[in-house]
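First to last, the sequence lines map onto chains B and G. Each residue of the first sequence is one higher than the one before, counting from 24 in the working numbering. Each residue of the second sequence is one higher than the one before, counting from 7 in the working numbering. Notes follow the structure.
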Amino acid sequence: DAGVTQSPTHLIKTRGQHVTLRCSPISGHKSVSWYQQVLGQGPQFIFQYYEKEERGRGNFPDRFSARQFPNYSSELNVNALLLGDSALYLCASSPRLVVTYNEQFFGPGTRLTVL
Amino acid sequence: SQQGEEDPQALSIQEGENATMNCSYKTSINNLQWYRQNSGRGLVHLILIRSNEREKHSGRLRVTLDTSKKSSSLLITASRAADTASYFCATALNTGNQFYFGTGTSLTVIP
Numbered sequence: 024d025a026g027v028t029q030s031p032t033h034l035i036k037t038r039g040q041h042v043t044l045r046c047s048p049i050s051g052h053k054s055v056s057w058y059q060q061v062l063g064q065g066p067q068f069i070f071q072y073y074e075k076e077e078r079g080r081g082n083f084p085d086r087f088s089a090r091q092f093p094n095y096s097s098e099l100n101v102n103a104l105l106l107g108d109s110a111l112y113l114c115a116s117s118p119r120l121v122v123t124y125n126e127q128f129f130g131p132g133t134r135l136t137v138l
Numbered sequence: 007s008q009q010g011e012e013d014p015q016a017l018s019i020q021e022g023e024n025a026t027m028n029c030s031y032k033t034s035i036n037n038l039q040w041y042r043q044n045s046g047r048g049l050v051h052l053i054l055i056r057s058n059e060r061e062k063h064s065g066r067l068r069v070t071l072d073t074s075k076k077s078s079s080l081l082i083t084a085s086r087a088a089d090t091a092s093y094f095c096a097t098a099l100n101t102g103n104q105f106y107f108g109t110g111t112s113l114t115v116i117p
């Protein structure tokens with residue numbers, strides 16, 4: 024079975040632009056969470072979606088939004104990019120709504136560079 | 007601020023030696039998990055220890071949890087060059103549905 028997949032692998036944008044990152048969870052997993060990992064730091068929670076509904080949101084500005092599709096894949100959108108948005112964006116999938124009781128399965132990430 | 011803090015930030019050892027890294031956290035937890043990350047790529051789950059457990063083993067990994075001190079340690083025995091990676095602890099609180107990751111320990115195992 025394929026693991027969590029993310030696209031693109033790398034992305035370079037300029038300040039003020041918009042970006043869309045994509046994630047496909049493991050087959051059968053209905054929960055997708057997004058994390059931002061700035062260089063040298065641990066991942067920080069952005070969103071969790073389960074059954075196409077937002078179930079959790081971290082401390083990120085409204086420039087960050089996400090959605091989940093009927094096939095449980097997900098998109099993370101970031102508007103009006105800032106230099107500080109440069110980071111590795113990780114997607115994690117889980118079969119359950121409550122993700123914290125068990126392990127999450129992470130994708131390889133999308134490396135976003137904002138110039 | 008992040009819930010967990012790992013110590014040390016960086017660790018360099020010879021192959022065959024044991025590696026110990028520690029994680030401290032701030033509030034009561036439901037469970038604590040350790041993850042490994044190679045070269046800024048995705049995280050791989052290593053082990054989960056619940057708040058009512060004190061010690062857990064998985065292969066060459068041994069994790070302890072001391073809820074009174076709000077700390078956990080990860081021991082990797084007989085380290086190998088392939089263990090070179092960053093290791094993160096992630097805490098899950100009793101409320102909410104998100105993990106809080108620490109800042110990570112960068113482990114280098116010298117062949």
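The C-beta atom is built at its ideal place from N, Cα and C for all residues, glycine as well. All figures in this text were calculated on a predicted structure; none of them were measured in a lab.
Mind checking which residues open and close the beta strand (DSSP E) that includes G/His-63?
That run of the beta strand (DSSP E) goes 61-64.
Count the other CB atoms within 10 Å of the CB of B/Val-61; is the residue buried (16 or more) or exposed (fewer)?
Per the 10 Å Cβ criterion, exposed.
Does the CB of B/Pro-31 have a neighbour CB from chain G at under 7 angstroms?
Chain G, which has no Cβ nearer than 7 angstroms to the Cβ of B/Pro-31, makes this no.
Anything in the stretch 33-48 of chain G with a Cβ closer than 9 angstroms to a Cβ of chain B? List those residues in chain order, please.
Residues passing the 9 angstroms Cβ filter: Asn-36, Asn-37, Gln-39, Tyr-41, Gln-43, Gly-46, Arg-47, Gly-48.
Near B/Arg-134, which residues of its chain fall below 6 angstroms by C-beta distance, leaving aside the five closest residues on each side in sequence?
So the qualifying residues of the chain are His-33, Leu-111.
Where G/Ala-91 meets chain B, residues with beta-carbon distance less than 8 angstroms
Neighbours of G/Ala-91 on chain B: none; closest Cβ ~13 angstroms, over 8 angstroms.
Could you check if G/Asp-72 is buried or exposed, using at least 16 other CB atoms within 10 Å of its CB as the buried criterion?
Label assigned to G/Asp-72: exposed.
Buried/exposed call for B/Gln-29, threshold 16 Cβ in 10 Å
By the beta-carbon neighbour count (other beta carbons within 10 angstroms, threshold 16), B/Gln-29 is buried.
Count the other CB atoms, across all protein chains shown, that sit within 10 Å of the CB of B/Pro-118; report buried if there are 16 or more and exposed otherwise.
Burial state of B/Pro-118 is exposed, judged by a 10 Å Cβ sphere holding fewer than 16 other Cβ atoms.
Can you pull the chain G neighbours of B/Gln-64, defined as C-beta to C-beta under 9 angstroms?
The contacting residues are Gln-8, Phe-107, Thr-109, Gly-110.
7 angstroms Cβ cut-off: residues of chain G touching B/Asn-111:
The amino acid at residue 111 of chain B is misidentified as Asn; the sequence shows Leu. Here the neighbours are Gly-46.
Neighbour-count burial assignment, G/Ala-63, 16 or more Cβ in a 10 Å radius
Per the sequence shown, residue 63 of chain G should be read as His rather than Ala. Looking at its Cβ environment, which holds fewer than 16 other Cβ atoms inside 10 Å, G/His-63 is exposed.
Between which two residues does the beta strand (DSSP E) carrying G/Val-115 extend?
Per DSSP, the continuous beta strand (DSSP E) segment holding G/Val-115 begins and ends at 111-116.
Shortest alpha-carbon distance to B/Val-122 belongs to which of B/Leu-99, B/Ala-89, B/Leu-138, B/Gly-79?
When only C-alpha atoms are compared, the closest one is B/Gly-79.
Looking at C-alpha atoms only, which residue of G/Val-115, G/Thr-114, G/Asn-103, G/Thr-90 is the closest neighbour of G/Asn-123?
Outside the shown range of chain G, which is 7 to 117, sits residue 123 of chain G, and nothing can be said about it.
Would you say the beta carbon of B/Pro-118 is closer than 6 angstroms to some non-hydrogen atom of the ligand ADP?
Although the ligand ADP was asked about, the structure shown includes no ligands whatsoever.
Chain B within 7 angstroms of G/Asn-58, Cβ atoms only
For G/Asn-58, the answer is no, since every Cβ of chain B falls outside 7 angstroms of its Cβ.
Take B/Ala-103 as the anchor and find which of B/Val-137, B/Tyr-95, B/Ser-116, B/Gly-132 has the nearest alpha-carbon.
Ranking the options by Cα distance to B/Ala-103, first place goes to B/Val-137.
Would you list, in sequence order, the uninterrupted beta strand (DSSP E) runs of no fewer than 3 residues that lie entirely inside the stretch 58-123 of chain B?
Listed in chain order, the complete beta strand (DSSP E) runs (minimum 3 residues) inside the stretch 58-123 of chain B are 67-73, 76-80, 87-91, 97-101, 110-117.
Closer than 9 angstroms between beta carbons: that is the criterion. Which residues of the stretch 121-136 of chain B meet it against chain G?
Against chain G - using a Cβ distance shorter than 9 angstroms - the residues of the stretch 121-136 of chain B are Val-121, Val-122, Thr-123, Tyr-124, Asn-125, Glu-126, Gln-127, Phe-128, Phe-129, Gly-130, Pro-131, Gly-132, Arg-134.
Distance, Cα to Cα, G/Leu-81 vs G/Ala-91?
Rounded to whole angstroms, G/Leu-81 to G/Ala-91 spans 14 angstroms at the Cα level.
Give me the Cβ distance between B/Val-55 and B/Pro-48, rounded to the nearest whole Å; I'm assuming they're in contact under 8 angstroms.
Between the beta-carbon of B/Val-55 and that of B/Pro-48 there is about 5 angstroms, and that keeps the pair under the 8 angstroms contact cut.
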